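Comments concern the structure below.
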Amino acid sequence: MMPQSPPSISSHALLEVDNLVVEYPVGSRVVHAVSGVSLQIARGETLGLVGESGCGKSTLGRAVLQLRRPTGGRVLFDGHDLTTMQGDALRLMRRRVQLIFQDPIASLNPRRKIGDIVAEPLVIAGVKDPDKRKQLVHEVLSAVGLDPTLVVGRLPHEFSGGQCQRICIARALILNPEFIVCDEPVSALDVSIRAQILNLLEEMKARFGLTLLFIAHDLAVVKAVSDRVAVMYLGRLCEVGPSEQLFARPAHPYTALLIEAIPMPDPDVRPAETVPVGEPPSPIAPPSGCRFRTRCPRADQRCSDEVPELRAVAPGQFVACHHPLI
Amino acid sequence: MNGNYLLSVEDVVVDLPTPRGNLRAVDHVDLTVGAGRTLGIVGESGCGKTMLSRAVLQLLPKKAKLSGRVMFDGQDLLQLPPEKLRKLRGRSLAVVFQDPMTSLNPVLTIGTQLIETLQEHLELDDAAATRRSVELLAAVGIPAPEQRLAQYPHQLSGGMRQRVAIAIALSCEPKLLIADEPTTALDVTIQAQILDLLAREQRRRHMAMIIITHDLGVVAGRTDEVAVMYAGRVVERAPTPALFKKMRMPYTEALLAALPKLDAAPHTPLPAISGRPPDPTRPLKGCSFSPRCRYAVARCQDEKPALEAAETKAHQFACFHPIEAHADANA
Chain A
42 MMPQSPPSIS SHALLEVDNL VVEYPVGSRV VHAVSGVSLQ IARGETLGLV
92 GESGCGKSTL GRAVLQLRRP TGGRVLFDGH DLTTMQGDAL RLMRRRVQLI
142 FQDPIASLNP RRKIGDIVAE PLVIAGVKDP DKRKQLVHEV LSAVGLDPTL
192 VVGRLPHEFS GGQCQRICIA RALILNPEFI VCDEPVSALD VSIRAQILNL
242 LEEMKARFGL TLLFIAHDLA VVKAVSDRVA VMYLGRLCEV GPSEQLFARP
292 AHPYTALLIE AIPMPDPDVR PAETVPVGEP PSPIAPPSGC RFRTRCPRAD
342 QRCSDEVPEL RAVAPGQFVA CHHPLI
Chain B
3 MNGNYLLSVE DVVVDLPTPR GNLRAVDHVD LTVGAGRTLG IVGESGCGKT
53 MLSRAVLQLL PKKAKLSGRV MFDGQDLLQL PPEKLRKLRG RSLAVVFQDP
103 MTSLNPVLTI GTQLIETLQE HLELDDAAAT RRSVELLAAV GIPAPEQRLA
153 QYPHQLSGGM RQRVAIAIAL SCEPKLLIAD EPTTALDVTI QAQILDLLAR
203 EQRRRHMAMI IITHDLGVVA GRTDEVAVMY AGRVVERAPT PALFKKMRMP
253 YTEALLAALP KLDAAPHTPL PAISGRPPDP TRPLKGCSFS PRCRYAVARC
303 QDEKPALEAA ETKAHQFACF HPIEAHADAN A
C-alpha cells in the first residue's frame, strides 16, 4: 500500500495535485480546510468533486488556481508547479485556466455591459485591436447560445440566472483555456435551466477540448458530467473512482451515505430509513484518525488511532477507509 | 368546496404592482388539504408557489392585491381581523422558511425565541415554558437541549438552525405546517434528516403539512398529493403515486426528465426544457407553457386550458394535449 498514492491516470495528467494543504487562521485557531489531498486529472477528463458544505471542496478548487495560496503541497499544471510561480509567469499561466462560480448574477459586474464583461479577459491578456476583441466576443457568445447583437449592449440585471451563467461561461472560454474549475455552476439554477447549462458545459468541453474540475454537492449532477468522481469529507479525500463504478459499488461508508440521502423522484422508492446521523464536525478541530469516524457506523478504535490512506480496492477505484464496503 | 378540508384555497389571485406593470403571481388557484394530510407544491422559481403560501398565511407584501377565499379550519382568513389572524399564525397555522438564518432573530437566544412563542399562544409560566422548550428541542433531535437554550442562532450550524425553526413552528401543536423549501439551503445528508424529522412529527401530531419545493425528489416519497405550478397556475394535481405513475401535463414530465438520473451513464445529454418561463408581467393568451412545449399546437397559443379531471376525479391537469393522448396518436 503506497501512502497517499494519488489515483494514477498515467503520465498524461494535465493537472496533478500533490499532497495539497490549505490552512488558515481564525483568531488564534487554525481551520484545516484541505489536509493533504492528492489527485490527478487527465487531459480531456472531467473530475467531479463532491462533498458537503465546509468540506473544503471550493477551497481546493481555488488553491489549485492559486487564488488562495496553499499552505503546503504542489500543484502541477502541464508540468509546471503553480505554487512556486509568481507575477508575470503566473499571470501567463492563468490564461490557460479559468473558473466558473456558483452565483452567476453575483459574478458579473452589475454596471458593465455584457460585451465589456466578456471582453475583459482579452483586454487583460493584451489583445489591443478592438475589432479583433469584438469578433472574439461575438464568436464566444454565439457558442454559448446567446445572440451577440442582442446581448453585448445590455447589463447583467436584464438577464435571468441561466443566461448570466451562459455569459460567465462565455467569459471563461474567451481566452481559449485548457482547464476550467466549475465551482457549483448549476446549484443556483432551476431544474429546467440546470439541464440546459449542464448540456452546454458538455458541448463546450467537446468543442474546445477542455479539461474540467467539476465541484458540486449534488451527486446526481456530478455523475451526469464526470468521468471520475472524488468524494471529499472535512478536508480529505474519502474515495476516488470512475463515476459509474463508484455509484454502483461505493467503497467508503461516506460515499454510500451520500448516495442513500439523495431524494429519489419515485414514490415507490421509500426514503432510506438508515438516516445519516449527525453533522460534520468543525474543521478547526477535526477528529483524529479517520475524520469521518464520528458519523460512521463502522468506526472502531483503529479509525481513531490511524489515518486511513487512499488505497486501491478495484481498478481505478481508491478508498481511504480501514473498513471499506468492498 | 365543503367543510371536510382543513384548508381550502378557492380561486385565489395575487397581483403585485411592479414598475413594469401588474405581475400576476398567483392566477386563480384552487387547492385543498385535509387534516393530517401532506400536500407537495412543486415548481421553479417565480412560479408563484411561495406567493401562494404567503397568501394562505396572509403574509403578502403590503402592495399585493389578493382575491378569492382562503378557508382554514372553518374561518375565512381574508375576512379575519388582524388581531385574530396574529393569534392564529404560530398557533394553529405555522411556517418553516427556507433560510433559518433569516427566520430566526440573530440577537435573541434560542430559548427566548421558543419561550416567547409558547407564552404568546399558550398560558404557560416561565418554568413550564422552559421545560416545554427543552422537550421540543429534544424532539427535533438537538443534542444537549438545555445548553442550546442559552445559545444564539449564529452558534448553530444550518441544519441545527432549521431544527430550531421547526421546533418553534411545532411548539403550539399547529394544525397545519407550511414548509417553504425547508431543505433547499441544506446539504443532502442534512436534507434527508430534516425531511424525516418533518414526516415523523407530522405523523405523530396528526398535523397537515404543505411542502413547497422545486425538487420532485423531495415530494415523491413524502406527500399524499402533489400540485405542480407553472407561471402562477396549478397545471397538474394528483395523488402522489398516481402522478409519478402517469404524468399527464408535458411540463411535469419535462421537469422530471430534466433531473440528472443516478442510473444514467455519465455524459448522457439531459432532456432540457428549452427557453424559460414567460415574463409574469406579460401574461400569455394561451397555455403559459406552450412556447416551451414540444406538443404545442395552434390552439395552445390561443386558448388557456382549464385545470380539469380526466379519468379519475383526483387527477387534474391543464392541457389540451396531455401526454397519453400523444402516445395514442403516435401508435
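Those protein sequence lines, which keep their order, are chains A and B.
Our numbering applies: residue 42 is where the first sequence begins, and numbers increase by one.
Our numbering applies: residue 3 is where the second sequence begins, and numbers increase by one.
The beta-carbon is built from N, C-alpha and C at its ideal position, and this holds for glycine as well.
It should be emphasised that the depicted structure is a prediction, and the values quoted were computed from it without experimental measurement.
Hey, how far is the Cα of V220/B from the Cα of K169/A? 52 angstroms
Counting along the chain, where does the alpha helix (DSSP H) carrying K89/B start and finish? 84 to 90
Rank D29/B, G42/B, F74/B, T20/B by C-alpha distance to the C-alpha of N335/B and give the top, closest one. Residue coverage of chain B in this structure runs from 3 to 333, which leaves residue 335/B outside it and unanswerable.
Whole-angstrom distance between V281/A and R163/B, CA atom to CA atom: 32 angstroms
Compute every distance between the C-beta of C302/B and the non-hydrogen atoms of the ligand SAH, then say whether any falls below 7 angstroms. As far as ligands go, the structure on display features none, and thus does not contain the ligand SAH.
Helix, strand or coil for D224/A per DSSP? strand
Am I right that I214/B and E238/B are in contact with their C-beta atoms under 8 angstroms? What's the rounded C-beta distance? With a Cβ gap of about 16 angstroms, I214/B and E238/B do not count as contacting.
How would you label E180/A, buried or exposed, when you count the other beta carbons within 10 angstroms and need 16 or more for buried? exposed
Simplified DSSP state of G2/B, which is helix, strand or coil: Chain B is shown only over 3 to 333; residue 2/B falls outside these bounds and no answer can be derived.
Please confirm if D307/A has its CB atom under 8 angstroms from at least one CB of chain B. yes
With a cut-off of 8 angstroms on the beta carbons, I'd call A74/A and P324/A a contact; round off their distance for me. 6 angstroms
Counting beta carbon pairs with one atom in the segment 146 to 156 of chain B and one in the segment 177 to 197 of chain B, are three or more of them shorter than 8 angstroms? no
Just curious, the beta strand (DSSP E) that N24/B is in, first and last residue? 23 to 35
Comparing the C-beta of L298/A with each C-beta of chain B, is any distance below 8 angstroms? yes
Backbone secondary structure at D128/B - three-state DSSP: helix
Along the segment 262 to 277 of chain B, where does the CB come closer than 8 angstroms to a CB of chain A? Name the residues. P262, K263, L264, A266, A267, P268, H269, T270, P271, L272, P273, A274, I275, S276
I want to know whether the segment 255 to 264 of chain A touches the segment 252 to 265 of chain B - three or more CB-CB distances under 8 angstroms. yes
So with CB distances below 7 angstroms, who are the chain B contacts of E285/A? A267, P268
Contact list for the segment 213 to 247 of chain B against chain A, Cβ threshold 7 angstroms: H216, D217, L218, G219, V220, A222, G223, R224, T242, P243, F246
Nonlocal neighbours in the same chain, by C-beta distance under 7 angstroms from S276/B, ignoring five residues either side: R294
Residue range of the beta strand (DSSP E) that includes I180/B: 178 to 182
How would you write the range of the alpha helix (DSSP H) that G282/A sits in, first residue to last? First-last for G282/A: 277 to 283, but that is the beta strand (DSSP E), not the alpha helix (DSSP H).
Tell me which residues share the same chain as S99/A and place their Cβ nearer than 7 angstroms to its Cβ, disregarding the 5 neighbours each side in the sequence. D224, I256
For E219/A, which residues from the same chain have a beta carbon less than 8 angstroms from its beta carbon, with the 5 sequence-adjacent residues on both sides left out? L55, R84, D119, R137, V138, G250, L251, T252
Through-space distance from A326/A to V71/A, alpha-carbon basis: 8 angstroms
Near-chain B residues of the segment 235 to 268 of chain A (beta-carbon distance less than 8 angstroms), N- to C-terminal order: R235, A236, Q237, L239, N240, E243, H258, D259, L260, A261, V262, K264, A265, V266, S267, D268
Tell me the rounded alpha-carbon separation between Q157/B and Q121/B. 24 angstroms
Whose Cβ in chain A lies nearer than 8 angstroms to the Cβ of Q193/B? A302, P304
In DSSP terms, what L41/B is bridged to: I212/B, E227/B
Got a sec? Which residues, its chain only, sit under 6 angstroms from R174/A by beta carbon, not counting five neighbours each side? A160, L163, V168
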